[in-house]
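K.L.:
With my numbering applied, the sequence shown covers 5 to 391. Even glycine gets a Cβ: it sits at the ideal position worked out from N, Cα and C. In this text the structure is predicted, and so the values were computed from the model without any measurement. Just dropping this structure here.
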Amino acid sequence: MSGIYIHIPFCKQACHYCDFHFSTSLKKKEEMVLALAKEIEMRKGELLENHFDKLSVTKSKIETIYFGGGTPSILSVEEIQLLIDTVYKNFDVVENPEITLEANPDDLSDEQIIKLSNTQINRLSIGIQSFFEDDLKLMNRAHNAEEAKKCLETATQYFDNITIDLIYGIPNMSNERWLQNIETALSFCIPHISSYALTVEPKTALDKFIKKGLVNQPDDEVAQEHFHILVNRLQEEGFVHYELSNFGKPDYFSKNNSAYWLGKKYIGIGPSAHSYDGTNRSWNVANNTLYIKSIQENQLPSEKETLTTVDQYNEYIMTGLRTIWGVSLERIEKEFGPKYLEYLNLQSQKFIEDELLFVENGILKATQKGKFLSDGIASDLFLLNLE
5 MSGIYIHIPF
15 CKQACHYCDF
25 HFSTSLKKKE
35 EMVLALAKEI
45 EMRKGELLEN
55 HFDKLSVTKS
65 KIETIYFGGG
75 TPSILSVEEI
85 QLLIDTVYKN
95 FDVVENPEIT
105 LEANPDDLSD
115 EQIIKLSNTQ
125 INRLSIGIQS
135 FFEDDLKLMN
145 RAHNAEEAKK
155 CLETATQYFD
165 NITIDLIYGI
175 PNMSNERWLQ
185 NIETALSFCI
195 PHISSYALTV
205 EPKTALDKFI
215 KKGLVNQPDD
225 EVAQEHFHIL
235 VNRLQEEGFV
245 HYELSNFGKP
255 DYFSKNNSAY
265 WLGKKYIGIG
275 PSAHSYDGTN
285 RSWNVANNTL
295 YIKSIQENQL
305 PSEKETLTTV
315 DQYNEYIMTG
325 LRTIWGVSLE
335 RIEKEFGPKY
345 LEYLNLQSQK
355 FIEDELLFVE
365 NGILKATQKG
375 KFLSDGIASD
385 LFLLNLE
């Protein structure tokens with residue numbers, strides 16, 4: 005099983021914290037949609053499965069289609085439908101795929117939600133970020149707090165599978181205020197929440213404001229407190245903390261994102277989109293004009309790297325420790341060899357002693373205390389060369 009990610013590189017305005025690839029000019033939107041459709045068609049021969057027992061090759065089935073960005077909800081329903089139809093024409097799609105559309109509240113009018121509910125889209129990922137007006141202004145979000153609540157009131161009537169994004173660790177956000185954000189989200193009975201600490205990426209507007217002293221630097225200790233409040237409150241409500249930043253009710257985990265963490269193959273369509281075929285990682289040029297021109301000339305504007313054994317080991321450690329599935333010690337030995345297992349056991353010992361990691365049924369996992377630090381722990385378990 006595989007997935008297709010479609011990057012829509014347009015936004016109404018730039019959020020102050022965002023360093024993703026997008027443009028606030030919509031002049032090339034129609035050309036871009038046609039180029040995306042053409043890239044889907046150009047790549048229909050990818051995602052093949054080798055069946056060594058039968059000495060045959062078949063197309064991998066597509067179980068997820070994900071519209072990310074940017075702001076995919078900036079497209080018309082007709083443009084979205086064209087891209088879905090193009091995937092169906094060129095790939096073998098399972099009977100009930102998970103089809104997710106990332107959307108901003110200001111795009112989700114009642115009329116638009118009803119239109120989207122009549123397409124094959126069956127999952128909405130709504131970028132709420134906060135239910136407080138001054139937080140949204142600080143982040144330069146295009147919607148306001150009232151729109152955030154209004155769109156959820158309507159969306160929950162037409163979609164069963166909804167996830168929202170929330171950001172914690174915002175400067176001057178108290179624990180009480182963060183808990184209010186969580187309680188507001190819970191009041192809509194949505195089955196999935198993705199939540200991230202506010203990070204300061206280089207060259208973003210937020211980075212510049214902090215350097216000028218206009219905004220306080222986010223506090224790591226405050227972010228860690230917010231994280232534990234979030235984990236405890238959502239677990240009380242029956243959410244499973246299945247990945248560092250993701251919480252889902254049973255049967256509502258993101259199939260698209262879980263595929264990334266479990267090392268499944270996927271194709272990334274659009275400028276800056278990444279792809280993975282099990283051995284190689286590739287990425288498209290992060291420039292809308294160059295992307296469109298290349299596709300029109302029947303050229304894929306991408307670069308590729310072949311992952312070494314060490315790269316694959318490091319990626320498995322990173323993704324494994326972020327999830328409830330952890331790192332299988334048996335898999336480390338089988339896929340990478342006894343030297344890798346020996347190295348992992350040695351490096352992880354101090355974290356086990358500090359109660360940040362533990363081993364259960366041959367699986368290395370982060371403890372509750374270690375989850376917030378899992379990325380840092382993983383980097384300490386990485387290796388450069390075993391030779």
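1. Under three-state DSSP, which class holds GLY324?
2. Roughly how many angstroms separate the alpha carbons of PHE56 and TYR9, rounded to a whole number?
3. Note down, one range per segment and in chain order, each beta strand (DSSP E) of at least 3 residues found wholly within the region 180 to 267.
4. Decide if ILE132 is buried, meaning its Cβ has at least 16 other Cβ atoms within 10 Å, or exposed.
5. Measure the alpha-carbon distance for PHE26 versus GLU229 and round it to whole angstroms.
6. Tell me where the alpha helix (DSSP H) around ILE69 begins and ends.
7. Please look up how many angstroms separate the CB atoms of ILE12 and GLY274, rounded, as I've assumed it's under 8 Å.
8. When you compare only the Cα positions, how much space is there between ILE44 and ASN126?
9. Taking a contact to mean a Cβ-Cβ separation below 8 Å, would you say TYR162 touches SER121 in this structure?
10. Give the straight-line distance between the Cα atoms of PHE24 and ASN148, rounded to the nearest whole angstrom.
11. From the beta carbon of ASN250, is the nearest beta carbon of chain B less than 8 Å away?
12. Look at the Cβ atom of ASN165, then the Cβ atom of TYR256, and state whether they are nearer than 8 Å.
13. Near SER332, which residues of its chain fall below 7 Å by C-beta distance, leaving aside the five closest residues on each side in sequence?
14. Going by beta-carbon coordinates alone, are LEU350 and ILE381 separated by less than 8 Å?
15. Could you check how far apart the C-beta atoms of TRP439 and THR323 are, in whole angstroms? I think they sit under 8 Å.
16. Touch check for the region 192 to 207 and the region 244 to 251: three-plus C-beta pairs under 8 Å?
17. Looking only at its chain, what residues have a beta carbon closer than 6 Å to the beta carbon of GLY282, apart from the 5 residues adjacent to it on each side?
18. Beta-carbon separation of GLU67 and ASP110 under 8 Å?
19. Using only CA atoms, which one of LYS63, VAL204, LYS212 and TYR295 lies nearest to VAL98?
20. Provide the residue span of the beta strand (DSSP E) that contains LYS308, from first to last.
21. Decide if the region 293 to 307 is in contact with the region 213 to 225; the criterion is three or more beta carbon pairs, one per stretch, under 8 Å apart.
22. Can you tell me whether DSSP reads ALA290 as helix, strand or coil?
23. Taking all protein chains shown into account, decide if LYS338 is buried (16 or more other Cβ within 10 angstroms of its Cβ) or exposed.
24. Do PHE1 and LEU238 have their C-beta atoms within less than 8 Å of each other?
25. Does DSSP put GLY7 in a helix, in a strand, or in coil?
26. Looking only at its chain, what residues have a beta carbon closer than 7 Å to the beta carbon of THR104, apart from the 5 residues adjacent to it on each side?
27. Mapping the DSSP letters down to three states, classify SER113 as helix, strand or coil.
28. Looking at the strands, I want to know which residues DSSP matches up with THR104.
29. Taking only three categories from DSSP, how would you classify ASP169?
30. By DSSP, does ALA18 sit in helix, in strand, or in coil?
31. Please go through the same chain and pick out, in chain order, the residues whose beta-carbon is closer than 7 Å to the beta-carbon of GLN17, but skip the five residues on each side of it.
32. Locate the alpha helix (DSSP H) running through ILE356, then write down its first and last residues.
33. Determine the contact status of GLY173 and LEU202, defining contact as a CB-CB distance below 8 Å.
34. Leaving out five residues on either side along the sequence, give the residues of the same chain with a beta carbon under 8 Å from the beta carbon of PHE135.
35. Please report the straight-line C-alpha distance between LEU170 and LYS31, rounded to a whole angstrom.
36. Is the Cβ-Cβ distance between ALA263 and GLY7 less than 8 Å?
P.N.:
Per the coordinate set shown:
1. helix
2. Low confidence applies to PHE56: its pLDDT is 47, below 50, so where it sits in the model is not reliable enough to give any reading.
3. 196 to 201, 244 to 247 and 250 to 252
4. buried
5. 32 Å
6. Where ILE69 is concerned, there is no enclosing alpha helix (DSSP H), although the beta strand (DSSP E) it sits in stretches over 66 to 73.
7. Between ILE12 and GLY274 a beta carbon distance of about 7 Å is seen, short of the 8 Å cut, so the two are scored as contacting.
8. 21 Å
9. yes
10. 22 Å
11. Among the chains of the structure shown, chain B does not appear; only one protein chain is present.
12. yes
13. GLY366 and ILE367
14. Not in contact: LEU350 and ILE381 (Cβ atoms no closer than 8 Å).
15. Lying outside 5 to 391, the shown extent of the chain, residue 439 is not represented and no answer is given.
16. yes
17. LYS269
18. no
19. LYS63
20. 306 to 310
21. no
22. Assignment of ALA290 by DSSP, reduced to helix, strand and coil, places it in the coil class.
23. exposed
24. Lying outside 5 to 391, the shown extent of the chain, residue 1 is not represented and no answer is given.
25. strand
26. Here the set comprises TYR70, PHE71, ARG127, SER129 and ASN260.
27. DSSP places SER113 in coil when its eight states are reduced to three.
28. TYR70 and ARG127
29. Under the three-state reduction of DSSP output, ASP169 falls in the strand class.
30. Here ALA18 sits in coil by DSSP.
31. THR28, ASN144 and ALA146
32. Unbroken alpha helix (DSSP H) run through ILE356: 342 to 357.
33. yes
34. ALA149, ALA152, LYS153, GLN184, ASN185, THR188 and ALA189
35. 30 Å
36. Yes, these two residues count as a Cβ contact at 8 Å.
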